[in-house]
Amino acid sequence: MIETLLLALVLSIIRGYKIKPIFRSWEIYPVLVCAIIYVILDIMLFNGNYNFIKYANIFHYLYLLTFLILIIKYELNISAIIGSIFIFIGSTLNNMVIAANNGKMPVFPTLSYWTGYAKPDSFMKVNDIHVLGNSATKFKLLTDIFDVGYSIMSIGDICIRVFVLIIIFNTIKAINKTSVVGEKKFSGNL
Numbered sequence: 002m003i004e005t006l007l008l009a010l011v012l013s014i015i016r017g018y019k020i021k022p023i024f025r026s027w028e029i030y031p032v033l034v035c036a037i038i039y040v041i042l043d044i045m046l047f048n049g050n051y052n053f054i055k056y057a058n059i060f061h062y063l064y065l066l067t068f069l070i071l072i073i074k075y076e077l078n079i080s081a082i083i084g085s086i087f088i089f090i091g092s093t094l095n096n097m098v099i100a101a102n103n104g105k106m107p108v109f110p111t112l113s114y115w116t117g118y119a120k121p122d123s124f125m126k127v128n129d130i131h132v133l134g135n136s137a138t139k140f141k142l143l144t145d146i147f148d149v150g151y152s153i154m155s156i157g158d159i160c161i162r163v164f165v166l167i168i169i170f171n172t173i174k175a176i177n178k179t180s181v182v183g184e185k186k187f188s189g190n191l
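To convert a position in the sequence shown, counted from 1, into the working numbering, add 1.
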């Protein structure tokens, strides 16, 4: 999920928002800590350590819950509703694929084989809902086919990440508005 945070930062810079103020707000740090934990977990996967996989779903929900702090603090109600619609769509697509493929999410690694993130025997070792996709896979377009070398995502996963993008971008936008208003008030009183 780190790439989604970075994309939100890049989009914010392109739109002319300052990034520094977000790091002065404690509310961003639970999100950043979870993103760093995701990076650590990915490094563990690269090294063949699959022990934490059974807790990945719990951690994923915990990570999404950290965004509630930002939503409440910066009153991102509309953004949260729009983002939640993307989460609903993404979860529905993922659940539809899993149901159609006997409770498993088929994965089609390409670049991940080259980077070492996925190995041919990884799916046997992990023993979770992910299985190596094959010609019998149903709804292949909706399975984990988007391989970025350290993660393999489905369209549903990408929809869920849109929530993260929306909340981070709008948090930066809100903080920038607050700091501009604060600067105007301050300079107006002198």
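C-beta: ideal position from N, C-alpha, C; glycine also.
- For residue 133, DSSP records a beta bridge to 108.
- Beyond the five residues adjoining it in sequence on each side, residue 113 comes within less than 7 Å, by CB distance, of 119, 148, 150, 153 in the same chain, given in chain order.
- Per the coordinates, the alpha-carbon of residue 52 lies some 44 Å from the alpha-carbon of residue 178.
- In its chain, beyond the 5 residues on either side, 2 have a beta carbon closer than 6 Å to the beta carbon of residue 39.
- Residue range 123–127 is occupied by the alpha helix (DSSP H) that includes residue 126.
- Approximately 12 Å separates the beta-carbon atoms of residue 14 and residue 23; this is outside 8 Å, ruling out the contact.
- If you draw a straight line from the Cα of residue 100 to the Cα of residue 134, it comes to about 14 Å.
- In this structure the segment 68–81 touches the segment 158–169; the number of beta carbon pairs closer than 8 Å is three or more.
- In this structure, DSSP gives residue 97 a helical state, which the three-state scheme calls helix.
- In the DSSP assignment, residue 2 falls outside any alpha helix (DSSP H), carrying neither H nor E.
- Straight across, the Cα-Cα distance linking residue 47 with residue 110 is about 14 Å.
- Taking the Cα positions, residue 81 is about 26 Å away from residue 144.
- The C-alpha of residue 92 is placed about 25 Å away from the C-alpha of residue 76.
- Rounded to the nearest whole angstrom, the CA to CA distance from residue 60 to residue 139 is 28 Å.
- When DSSP states are grouped into helix, strand and coil, residue 147 belongs to the strand group.
- Residue pairing by DSSP places residue 45 opposite no residue, since no beta bridge is assigned to it.
- Boundaries of the alpha helix (DSSP H) harbouring residue 67: 57–74, taken from the DSSP string.
- Its chain contains 51 as the residues whose beta carbon lies nearer than 6 Å to that of residue 126, once the 5 sequence neighbours on both sides are disregarded; these appear in chain order.
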